[in-house]
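K.L.:
Protein chains in written order, with numbering that gives the first Met the number 0: chain W, 0 to 149; chain C, 0 to 149.
Mind having a look at this structure? Questions to follow.
Protein chains: 2
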Amino acid sequence: MLLRPATRADLPAVLALLADEERVVDPASVTVTAAYERAFADIEADPRNEMLVLVDDSAGGPVVGCLQATYIPGLGKGGAERALIEAVRIRADRRGGGLGRELMSRAVARARARGCALVQLTSNKSRTDAHRFYASLGFARSHDGFKLTL
Amino acid sequence: MLLRPATRADLPAVLALLADEERVVDPASVTVTAAYERAFADIEADPRNEMLVLVDDSAGGPVVGCLQATYIPGLGKGGAERALIEAVRIRADRRGGGLGRELMSRAVARARARGCALVQLTSNKSRTDAHRFYASLGFARSHDGFKLTL
Chain W
0 MLLRPATRAD
10 LPAVLALLAD
20 EERVVDPASV
30 TVTAAYERAF
40 ADIEADPRNE
50 MLVLVDDSAG
60 GPVVGCLQAT
70 YIPGLGKGGA
80 ERALIEAVRI
90 RADRRGGGLG
100 RELMSRAVAR
110 ARARGCALVQ
120 LTSNKSRTDA
130 HRFYASLGFA
140 RSHDGFKLTL
Chain C
0 MLLRPATRAD
10 LPAVLALLAD
20 EERVVDPASV
30 TVTAAYERAF
40 ADIEADPRNE
50 MLVLVDDSAG
60 GPVVGCLQAT
70 YIPGLGKGGA
80 ERALIEAVRI
90 RADRRGGGLG
100 RELMSRAVAR
110 ARARGCALVQ
120 LTSNKSRTDA
130 HRFYASLGFA
140 RSHDGFKLTL
């Protein structure tokens with residue numbers, strides 16, 4: 000498996016993963032709107048954001064997982080960056096085989112190599128399976144996550 | 000009250016607020032290390048990060064509150080940015096008078112004006128007073144927040 004920043008050519012596959020809740024979405028069926036083009040270009044151009052894709056290089060290179068990492072400068076933690084992880088996905092037909100662990104472990108190693116003092120993420124309170132998964136990776140469920148839709 | 004991005008001259012006051020858990024810390028007593036200088040310069044130079052300070056312009060301009068906002072591009076929410084808020088502080092001797100509400104309301108308005116689709120934050124599970132405060136501002140406590148110290 001290979002973890003690398005997504006390129007524009009991966010955008011349909013990433014959007015398919017983000018739309019995939021229960022079953023595989025065909026990247027060819029995804030409409031890449033101008034707004035998604037802009038958002039992806041913003042991520043790609045920003046040195047503190049990256050959309051990472053997990054690629055099965057033994058099977059022709061399909062994207063089977065993704066996450067977005069944001070590296071946030073701050074005045075806590077002795078002035079070190081923290082990494083925020085969002086949009087963690089493994090393709091529906093590839094779950095349960097350890098790919099999520101591989102994706103997250105590599106993203107954490109990447110944050111550590113960059114000098115981050117902390118990795119943080121939030122997970123919907125209903126997703127108890129995901130909570131066990133993050134706890135098994137060493138994450139502490141120490142906070143409540145609040146969202147306000149504008 | 001005035002809300003504005005912090006300048007380098009505000010850095011001792013902001014570090015004093017961040018060190019202030021229960022009682023006021025004198026900005027003159029704060030050591031501004033090279034690491035904090037760098038971190039603040041990183042925030043100030045990044046168009047997707049800002050350290051906002053709440054200033055009492057009727058009382059000689061002291062900084063009485065702060066928060067950091069990070070504007071995150073993403074492929075959810077139709078490609079709109081989301082705002083992450085961290086490091087929310089009101090100076091210990093000015094709490095209980097509505098300044099926290101003013102600080103947060105203005106930061107939310109700022110995110111809305113920028114076109115953000117969502118504002119999000121996390122709060123330690125022990126801080127039930129803060130949870131009531133965020134709920135009263137319309138935030139939904141929908142997620143659990145996970146942290147991994149590196």
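Every residue gets a Cβ at the ideal spot worked out from N, C-alpha and C, and that includes glycine.
In this text the structure is predicted, and so the values were computed from the model without any measurement.
1. Would you kindly work out how many angstroms separate the C-alpha atoms of W:Ala8 and W:Gly96, rounded to a whole number?
2. Where does C:Ser125 sit, in a helix, a strand or coil, going by DSSP?
3. Any idea which residues DSSP pairs C:Asp143 with across the strands?
4. Measuring only the C-alpha atoms, how far is C:Leu1 from W:Ala33?
5. Where does the unbroken beta strand (DSSP E) through C:Gly99 begin, and where does it stop?
6. Who are the neighbours of W:Pro61 on chain C, taking C-beta pairs under 7 Å?
7. Rounded to whole angstroms, what is the Cα-Cα separation between C:His130 and C:Thr69?
8. Run the CB neighbour count on W:Arg3, radius 10 Å, all protein chains shown included, and call it buried at 16 or more, exposed below.
9. Taking DSSP as the reference, what is the three-state secondary structure of C:Val63?
10. Grouping DSSP H, G and I as helix and E and B as strand, with all else coil, what is C:Val54?
11. Please list the terminal residues of the continuous beta strand (DSSP E) segment that includes W:Glu85.
12. For the stretch 102-130 of chain C, which residues have a CB atom closer than 7 Å to at least one CB atom of chain W, in sequence order?
13. For W:Ala12, which of helix, strand or coil comes out of DSSP?
14. Indicate whether the contact test is met: 3 or more Cβ pairs, each with one atom in the stretch 22-30 of chain W and one in the stretch 41-53 of chain W, closer than 8 Å.
15. Is it buried or exposed, W:Ala5, if we count other Cβ atoms within 10 angstroms and call 16 or more buried?
16. Going by DSSP, what residues sit across from W:Tyr70 in a beta bridge?
P.N.:
The answer reads as follows:
1. 26 Å
2. coil
3. W:Ser122, W:Asp143
4. Roughly 37 Å separates the two Cα atoms.
5. Where C:Gly99 is concerned, there is no enclosing beta strand (DSSP E), although the alpha helix (DSSP H) it sits in stretches over 98-113.
6. Per Cβ cutoff of 7 Å: no residues; W:Pro61 is ~18 Å from chain C at best.
7. 21 Å
8. exposed
9. In the structure shown, C:Val63 adopts extended strand secondary structure according to DSSP, grouped into three states.
10. strand
11. Per DSSP, W:Glu85 is one residue of the beta strand (DSSP E) stretching across 81-89.
12. Val107, Ala110, Arg111, Cys115, Ala116, Leu117, Val118, Gln119, Leu120, Thr121, Ser122, Asn123, Lys124, His130
13. helix
14. no
15. buried
16. Partner(s): W:Ala82.
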